[in-house]
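Asker:
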Ligand SMILES: [Zn+2]
Ligand SMILES: [Zn+2]
């Protein structure tokens with residue numbers, strides 16, 4: 001290994017790199033430096049993780065099929081709008097999920113939310129960064145808010161954490177206090193599609209006008225899309241010109257349960 005000249009080179013030559021430099025060519029030292037610079041994989045613990053996951057684990061992640069609705073990302077004919085979106089168009093313009101809500105992504109999200117494993121948030125955020133790499137940048141990121149009670153219990157909002165990390169990587173501002181819950185709602189799991197819609201009706205308020213803005217609602221999981229739809233509806237009512245839903249994972253079960 002060649003250490004460059006100049007002031008920086010002088011500093012390196014006198015430090016640990018200089019001492020190891022003469023032995024750089026041997027495979028074990030190269031391995032050691034690679035392992036020291038790359039964090040371990042969040043899933044299997046192997047070294048050499050890129051964005052928190054090693055290449056074999058990244059390949060194994062449950063990706064969404066090609067044939068999904070262009071609007072709500074539910075299973076349907078590729079690139080077309082599904083029957084449900086045609087009959088009752090949602091308030092959001094698109095749902096962009098990074099993965100399917102299946103193992104091990106569901107386990108990572110569960111661990112983040114219910115065990116307070118905040119170190120998982122960057123791993124999940126990186127998946128979303130990759131998913132939205134080629135889409136139009138919004139004017140702002142809006143985390144899906146928790147109710148005050150849920151926020152107090154958990155101590156953090158997982159969507160807020162993910163939005164903050166996305167903001168840093170994409171250079172898009174987070175608008176954390178724009179959207180809030182007007183009231184507490186029952187958990188959506190176990191409710192039918194119609195019950196879910198009723199449960200979240202009027203659950204969100206927007207604190208200031210967002211006239212003409214293109215916003216991305218950031219959430220961890222989309223199941224039927226009723227919560228995202230209600231939040232998007234509140235943003236549209238306050239003037240948002242476009243609302244996309246950026247989500248870590250989307251369930252492909254569309255039976256509303
Ligand atoms: Zn791994
Ligand atoms: Zn659809």
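Numbering (the numbering used here), first residue to last: 1 to 257. Even for Gly, the Cβ is constructed at its ideal location relative to N, Cα and C. Bear in mind that the values here come from a model prediction, so they are computed numbers and not experimental data.
(1) Using only CA atoms, which one of 249, 114, 239, 134 lies nearest to residue 152?
(2) State the Cα-Cα distance for the pair residue 35 and residue 94, rounded to the nearest angstrom.
(3) Please indicate yes or no: does the CB of residue 76 lie closer than 7 angstroms to some heavy atom of ligand 2?
(4) Buried or exposed, going by whether 16 or more other CB atoms sit within 10 Å of the CB of residue 50?
(5) Around the C-beta of residue 126, are 16 or more other C-beta atoms found within 10 angstroms, so that it is buried, or is it exposed?
(6) Please go through the segment 58-124 and give each complete alpha helix (DSSP H) segment of 4 or more residues, from N-terminal end onward.
(7) Do residue 208 and residue 252 count as a contact pair if the criterion is CB distance below 8 angstroms?
(8) Taking 7 angstroms as the cut-off, is the CB of residue 253 close to at least one heavy atom of ligand 2?
(9) If I measure Cβ to Cβ from residue 76 and keep anything under 7 angstroms in the same chain, skipping five residues before and after, which residues do I get?
(10) Between residue 65 and residue 56, what straight-line distance do the alpha-carbon atoms span, to the nearest angstrom?
(11) Measure from the alpha carbon of residue 219 to the alpha carbon of each residue in 80, 182, 176, 191, then state which is nearest.
(12) Whole-angstrom Cβ separation of residue 144 and residue 124, contact assumed at under 8 angstroms?
(13) Determine the closest residue to residue 156 out of 173, 119, 186, with distance taken between C-alpha atoms.
(14) Output the boundary residues of the beta strand (DSSP E) element that contains residue 179.
(15) Could you check if residue 244 is buried or exposed, using at least 16 other CB atoms within 10 Å of its CB as the buried criterion?
(16) Assign residue 167 to one of two classes, buried (16 or more other C-beta atoms within 10 Å of its C-beta) or exposed (fewer than that).
(17) Quick check on the DSSP output: the beta strand (DSSP E) that includes residue 141 runs from which residue to which?
(18) Is residue 97 buried or exposed, if buried means 16 or more other CB atoms sit within 10 Å of its CB?
Answerer: Looking at the coordinates:
(1) For the purposes of this step, residue 152 is identified with residue 152 of the chain shown, where counting begins at 1. Ranking the options by Cα distance to residue 152, first place goes to 114.
(2) Walking along the chain shown from the start, residue 35 turns up at place 35. Walking along the chain shown from the start, residue 94 turns up at place 94. Its pLDDT being 45, under 50, residue 35 is placed unreliably by the model, and nothing is read from it.
(3) Residue mapping note: residue 76 aligns to position 76 of the chain shown, counting from 1. It does: the Cβ of residue 76 is within 7 angstroms (strictly closer) of some heavy atom of ligand 2.
(4) Start at 1 with the first residue of the chain shown, and residue 50 comes out as number 50. Exposed is the call here.
(5) The count along the chain shown starts at 1 and reaches residue 126 at position 126. That one is buried.
(6) 83-87, 105-114
(7) Numbered from 1 along the chain shown, position 252 holds the residue referred to as residue 252. Numbered from 1 along the chain shown, position 208 holds the residue referred to as residue 208. No.
(8) Sequence index remark: in the chain shown, residue 253 carries index 253 (1-based). Residue 253: no, Cβ never under 7 angstroms from ligand 2.
(9) In the chain shown, the residue the question calls residue 76 occupies position 76. Result list for residue 76: 67, 68, 69, 82, in chain order.
(10) Within the chain shown, residue 65 is the residue found at index 65, counting from 1. Within the chain shown, residue 56 is the residue found at index 56, counting from 1. Distance between the alpha carbons of residue 65 and residue 56: 19 angstroms.
(11) Indexing the chain shown from 1 puts residue 219 at position 219. Comparing Cα positions, the closest option is 176.
(12) Looking up residue 144 in the chain shown gives position 144. Looking up residue 124 in the chain shown gives position 124. Approximately 14 angstroms separates the beta-carbon atoms of residue 144 and residue 124; this is outside 8 angstroms, ruling out the contact.
(13) Taking the first residue of the chain shown as position 1, residue 156 is located at position 156. Selected option, being the one with the closest Cα: 119.
(14) Taking the first residue of the chain shown as position 1, residue 179 is located at position 179. Note, residue 179: beta strand (DSSP E), 179-181.
(15) Mapped onto the chain shown, residue 244 falls at position 244. The residue in question, residue 244, is buried, as its Cβ has 16 or more Cβ neighbours within 10 Å.
(16) What you label residue 167 is simply residue 167 of the chain shown in a count that begins at 1. By the 10 Å Cβ count, residue 167 comes out buried.
(17) Within the chain shown, the letter at position 141 stands for residue 141. Unbroken beta strand (DSSP E) run through residue 141: 140-143.
(18) To locate residue 97, count along the chain shown from 1; it is residue 97. Flag for residue 97 reads buried.
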